[in-house]
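Quick note on mature numbering (1 follows the signal peptide of the UniProt record, and there is no 0): the sequence shown kicks off at 5 and runs consecutively. Beta carbons are placed, not taken as given, at the ideal position from N, Cα and C, and that holds for glycine. Quick caveat, the model's predicted, so the values are computed rather than measured. Written out below as structure tokens is the structure these notes cover.
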Amino acid sequence: TLIVDAKGSVRKIPDTFFGAFFEEINHAGAGGLWAELVRNRGFEAGGPNVPSNIFPWSIIGDDSTILVSTDRTSCFERNKVALRMNILCNESNPCPAGGVGISNPGFWGMNIEKGQKYKVVFYVKARGRLDLDVSFVGSVSGAKLASQNFRAPGQNISMWTRMETILEANDTNRNASLQITTSNRGVVWLDQVSAMPLDTFKGHGYRKDLFQMVADLKPNFFRFPGGCYVEGNYLRNAFRWKDTVGPWEERPGHFNDVWNYWTDDGFGFFEGLQFAEDVGALPTWVFNNGLSLNDEVNTSAIAPFIQEALDGIEFARGSPKSQWGSLRASMGHPEPFDLRIVAIGNEECGMPKYQANYLKFHAAIKQAYPDIQIITNCDGSKKPLDHPADLYDFHIYTNATDMFSKSTKFDDAPRSGPKAFVSEYAVWKDDAGNGTLLAAVAEAAFLIGLERNSDVVHMVSYAPLFVNTNDRKWTPDAIVFDSHQHYGTPSYWVQHLFTTSSGATLLNTTLQTSTDSLVASAIEYTNPKDKKNYLRIKVVNFGSDQQNLRFSISGLTSNVQQSGAAKTVLTGPNVKEENSFSEPNKIAPQHSSLEDASGDMNVVLAPYSVTSFDLLK
Ligand code: AHR
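Pasting the structure below:
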């Protein structure tokens, strides 16, 4: 029997309870949420040195017709590398049909769709007459999906010149490339080549389908941009916010040395703040605190990093007249972003310099911004912390049985002092594969435990959020995608069952059962659609047997139910079942109405299942 007291509130669950954590891992942003189609758009992937790494650009033509190199002649101060094409063909040495030049496949193929429009921008300089074709080219026939010719009237273009056009695709190809070609002898320099779909969420640059997947989780906070990505393997490769703001052309980009790929930083600090606002979440900024995975700045030399963090807060929420707030305003957001929560680094608590540096960051931020909540990454779940913090970060990646048992993890955590931010949790390795039912069911039990302990646990998010299947650096993940399609893993769908938890009322429940495979909770929440109050009972069955349970609910307005009652079940025939592009909803919530719901009812719980019951309060 599950006894539910629908009258007595245990507490209000914090409004911030359920959120999302975004890290630039698995091409979550570059080649994912950020809709930019060109990869390595500034030819900077080798860093500031030349010759630079122009991967994944390839050369169209051979050594007798074109010589491609990089030099440092760009007009952009922070990213000096430019591409130089020396076109050798002429009448006696004719270019191949279609010309010579360069081609960019984007992130494992560009998704070009018939009727869609794309804004193409590039910067160019030329010795000799400029006559360039800029085209999207399909992968199968090599047919042009859209093309535009750029011709200059004079002989040379000696100053860097911005070119821009809108290309409209005449056909669909999921694996297209962008080609820039010419048949004219001479030298052409190119830099900062971009191709953006016009159809992004609010024109803010996010792929619409991936935006919607996150929005559907109704996250109340958005932790970003990492994860270890914030730290870097080495500080020289860490995420430093100042290099990721301002006009996209001027951003240097950086090598994500933890997850081993170059990012052009299109989805930078501003875009993270903007995304949080667009998705209706509080931005939760994790900044680099002078520590990477392999090097650390001495406390005596930490001041510039502290100033960088303070400047970042000013960028996010300072007046548009302030130094950094004015940069934000110039980027189109004069109103401050609602930045109230920041994390001093990620997972460095054990490092020698963490605590001493932390104290300096903490003091400086609290002095300048007393209302900002600060997150330490030292674990306060076992004993009280020895340093001041508003929240402590807690990460857990484990097997399914252990995750299930962790539903009681916070039962004994200190009740006073900093609150817990479970910012990364997931079942991984054998039990999880690339996202199994088994993992999801165990995680649901863990989440129920967090909900029950929401006096201490104030924020929770799954990790990682995204994976591009062409570059899995970490598995499993919540949302899986490639250039044009996506699906949610079972763990993603479990999160859907908790979207109503933030700000809801936790109710008292008592589970009387001889099996240890069940975990349950009950909340009261208001459905924004019909504005009615509902009771949501969630029960996890982490066992291979079906279970019969009696609900004994006191305090329902009407004990005879109820047209609005419904049941949602997440289960499947096999615990190792996963979703895929071909079967995206194999393991997804199944909704049905509950005809015979009442305050005294019997329910059946499928083996390895998560079931939520919604009854009108
Ligand atoms: O979520 C993947 C990684 O796991 C994060 O970068 C890091 O914080 C944790 O170790």
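By the Cβ-count criterion, THR519 is exposed, with fewer than 16 other Cβ atoms from all chains shown falling within 10 Å of its own Cβ. When Cβ pairs closer than 8 Å are counted between the two stretches, the stretch 175–185 is seen to touch the stretch 98–113, the count reaching three or more. Taking each of VAL128, ARG419, GLY384, LEU469 in turn and checking the Cα distance to PHE26, the smallest one comes out for LEU469. Under the three-state reduction of DSSP output, GLY439 falls in the coil class, being neither helix nor strand. Taken from the Cβ of ALA360, every heavy atom of the ligand AHR lies 7 Å or farther away. In the three-state DSSP reduction, TRP328 falls in the helix class (H, G or I). Closest in alpha carbon position to LEU515, among ILE378, TYR496, ILE306, ILE557, is ILE557. Membership of LEU92 in any alpha helix (DSSP H) is not indicated, and neither H nor E is assigned to it by DSSP.
GLY35 and GLN551 have their C-alpha atoms spaced approximately 44 Å apart. ASN537 is bridged by DSSP to THR530. When Cβ pairs closer than 8 Å are counted between the two stretches, the stretch 120–133 is seen to touch the stretch 161–178, the count reaching three or more. Between THR572 and HIS595, the C-beta gap is smaller than 8 Å, which places the two residues in contact. When the Cα atoms are used, MET463 and PRO18 turn out to be separated by approximately 8 Å.
A straight-line Cα-Cα distance of about 29 Å links PRO55 and SER143. Here the C-alpha atom of VAL460 lies approximately 35 Å from the C-alpha atom of PHE485. In this structure, the ligand AHR has a non-hydrogen atom nearer than 7 Å to the beta-carbon of TYR233. The way I'd put it, the stretch 431–446 does touch the stretch 577–589; three or more beta-carbon pairs between them come closer than 8 Å.
In the three-state DSSP reduction, GLY35 falls in the coil class, being neither helix nor strand. DSSP places HIS399 within a strand segment (E or B) once states are collapsed to three. Rounded to whole angstroms, VAL301 and VAL346 show a C-alpha spacing of 20 Å. Per the C-alpha coordinates, the member of LEU221, GLY294, THR615, MET355 positioned closest to THR504 is LEU221. Taken in chain order, the complete alpha helix (DSSP H) segments of 4 residues or longer contained in the stretch 229–274 are 232–235. In this chain, the beta strand (DSSP E) harbouring TRP193 covers 190–201. A straight-line Cα-Cα distance of about 14 Å links GLY103 and VAL191. Excluding sequence positions up to five before and after GLY276, its CB lies within less than 8 Å of the CB of PHE26, PHE226, PHE228, PRO229, PRO287, TRP289, all in the same chain and listed in chain order.
For GLU428, the shortest separation between its Cβ and any heavy atom of the ligand AHR lies below 7 Å. DSSP, read as helix, strand or coil, puts ALA180 in strand. The alpha-carbon separation between ILE91 and ASN224 amounts to approximately 54 Å. Separation of TYR362 and VAL431 (C-alpha to C-alpha, rounded to the nearest whole angstrom) is 30 Å. Under the DSSP assignment, GLU318 falls in the alpha helix (DSSP H) whose first and last residues are 307–321. 8 Å or more divides the Cβ of LEU619 from the Cβ of PRO593. Within 7 Å of the C-beta of ASN350 there is at least one heavy atom belonging to the ligand AHR. Between ASP175 and LYS84, the C-beta gap is not smaller than 8 Å, which leaves the two residues out of contact. Secondary structure of VAL144 (DSSP, three-state): coil.
Sequence-distant partners of TYR401 (beyond 5 residues in either direction) whose C-beta falls short of 7 Å from its own C-beta, in its chain, are ALA430, TRP432. Between the alpha carbons of LYS325 and HIS337 lies a distance of about 12 Å.
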